[in-house]
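Undergrad: By my numbering, the letter at position 9 of the sequence shown is numbered 1426, and the numbering carries on one by one without gaps. Sending over a structure as structure tokens; questions will come in a sec.
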Amino acid sequence: MLLRLLLAAACVSVSPVIALAGTDDVPERLQGKWVDRGEACGASGKPIVISATSVIYPDGRFSDVYFASEESLIRIREEGTNYEYVEREDLLVLHPEGFGMGSSFPMVRCPEPTGSASRRCGWLANLTPGDW
């Protein structure tokens, strides 16, 4: 009887894994390099790189993100910053203080590399030139 009570208490105390609502991978159509409008996409520019689950900044820092499809937003998990996708203009709009608050900065997509580049795991994250 005591064993059953301990087993029941253990089962009740184990919290279930709760999935966050709206936590989807960033769609492939939004993944890639993006720069501030007016900036260069080449070596002199400072692109961010968006993957399915993260944003990598020019200085090497990164943030975990998820895509809120109902709002068309890429949200950073640990803060209020988000990127709004404007489909009709193919723009990302950075809202550093949260959606609808403070300033906003439009970003444009960098063209995909031409040639023999492939989408192997992590290829977008390495911003250095060269044959790696």
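Where a beta carbon is used, it is the ideal one built from N, C-alpha and C, also for glycine.
To which residues of the same chain is Arg1492 closer than 7 Å at the C-beta, ignoring the five residues directly before and after it?
TA: Val1482, Tyr1483, Ala1485 and Asn1499
Undergrad: Note down the Cα distance separating Val1443 from Ser1489, rounded to an integer number of angstroms.
TA: Whole-angstrom Cα-Cα distance: 10 Å.
Undergrad: Can you tell me which of Glu1501, Leu1509 and Gly1497 puts its alpha carbon nearest to the alpha carbon of Gly1515?
TA: Gly1497
Undergrad: List the DSSP bridge partners of Arg1450.
TA: Sequence check: residue 1450 is Lys here, not Arg. Bridge partners of Lys1450: Val1466.
Undergrad: Any idea if Val1503 is buried or exposed, counting beta-carbon neighbours within 10 angstroms, 16 or more meaning buried?
TA: exposed
Undergrad: Would Arg1446 pass as a contact of Pro1523 if the rule is Cβ separation under 8 Å?
TA: Judged by their CB atoms, Arg1446 and Pro1523 are not nearer to each other than the 8 Å cut-off.
Undergrad: Hey, would you say the C-beta of Asn1499 is under 7 Å away from at least one heavy atom of the ligand MN?
TA: The model depicted lacks the ligand MN and carries no ligand whatsoever.
Undergrad: Out of His1512, Arg1526, Ser1521 and Arg1494, which has the shortest C-alpha to C-alpha gap to Glu1506?
TA: Arg1526
Undergrad: What residues in its chain sit with their C-beta under 6 Å from that of Lys1463, if we drop five residues either side in the sequence?
TA: These residues qualify, in order along the chain: Pro1475.
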